[in-house]
Amino acid sequence: GPPGPRLIIGADIPGIRRRHIAAAFAALGPAQAVIGPASDGGYWLIGLDGVTPPPPTLFQATRWSTHDALADTLATLRDRRVALTHTLDDVDTATDLGR
Numbered sequence: 006g007p008p009g010p011r012l013i014i015g016a017d018i019p020g021i022r023r024r025h026i027a028a029a030f031a032a033l034g035p036a037q038a039v040i041g042p043a044s045d046g047g048y049w050l051i052g053l054d055g056v057t058p059p060p061p062t063l064f065q066a067t068r069w070s071t072h073d074a075l076a077d078t079l080a081t082l083r084d085r086r087v088a089l090t091h092t093l094d095d096v097d098t099a100t101d102l103g104r
């Protein structure tokens, strides 16, 4: 793909707005990575600056769909400058739809 910053965004984020995506890209100016935390301890977005290669184990040690997912990913990125952006709610269960 073309050079430059990239974001991966979860498809289960009903509250996401254009301004959230713009803020994530803006954070990648001074940061090498950006994460949008989810209110349940996971995250709804991760982005990389496109210059610094991602760690080869970026997603391997992540305990997905748990309250540890964000902490696990931050631990993998501990040698990078990481910015956190807006905290949003994601939808993992039917109960989450009512939030």
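For what it's worth, my numbering labels the leading residue of the sequence shown as 6, then goes sequentially.
Glycine is no exception: its CB is placed at the ideal position from the N, C-alpha and C atoms.
Computed from a predicted model, the values in this text were never measured in an experiment.
Cβ shell of residue i (< 7 Å), same chain only, five flanking positions each side left out
| i | result |
| --- | --- |
| LEU102 | VAL96 |
| LEU33 | PRO10, VAL39, GLY52, ASP54 |
| ALA74 | GLY46, GLY47, TYR48, THR67, ARG68 |
| THR3 | Nothing about residue 3 can be read from this structure; the chain reaches only from 6 to 104. |
Beta-bridge partners of residue i, as assigned by DSSP
| i | result |
| --- | --- |
| GLY15 | For GLY15, which the question treats as bridged, DSSP gives no partner whatsoever. |
| ALA43 | LEU93 |
| ALA88 | VAL39 |
Buried or exposed by the 16-neighbour rule on C-beta atoms within 10 Å, applied to residue i
| i | result |
| --- | --- |
| PRO10 | buried |
| THR92 | exposed |
Cutoff 6 Å; reference residue i; Cβ partners in own chain excluding five residues on either side
| i | result |
| --- | --- |
| ARG85 | GLN37, ALA38 |
| ASP17 | ASP95, VAL96 |
| LEU82 | ALA38 |
Span of the alpha helix (DSSP H), counted from its first residue to its last, around residue i
| i | result |
| --- | --- |
| LEU79 | 74-81 |
| ALA27 | 23-32 |
Rounded Cβ spacing between residue i and residue j (contact assumed at less than 8 Å)
| i | j | result |
| --- | --- | --- |
| ILE13 | ILE51 | 5 Å |
| ASP94 | ALA43 | 7 Å |
| HIS25 | THR90 | 7 Å |
Beta-carbon contacts of residue i that lie in its chain and below 8 Å, excluding the five residues immediately before and after
| i | result |
| --- | --- |
| VAL87 | ALA36, GLN37, ALA38, VAL39, ILE40, LEU79 |
| HIS72 | ASP45, GLY46, GLY47 |
Delimiting residues of the beta strand (DSSP E) encompassing residue i
| i | result |
| --- | --- |
| ILE51 | 48-53 |
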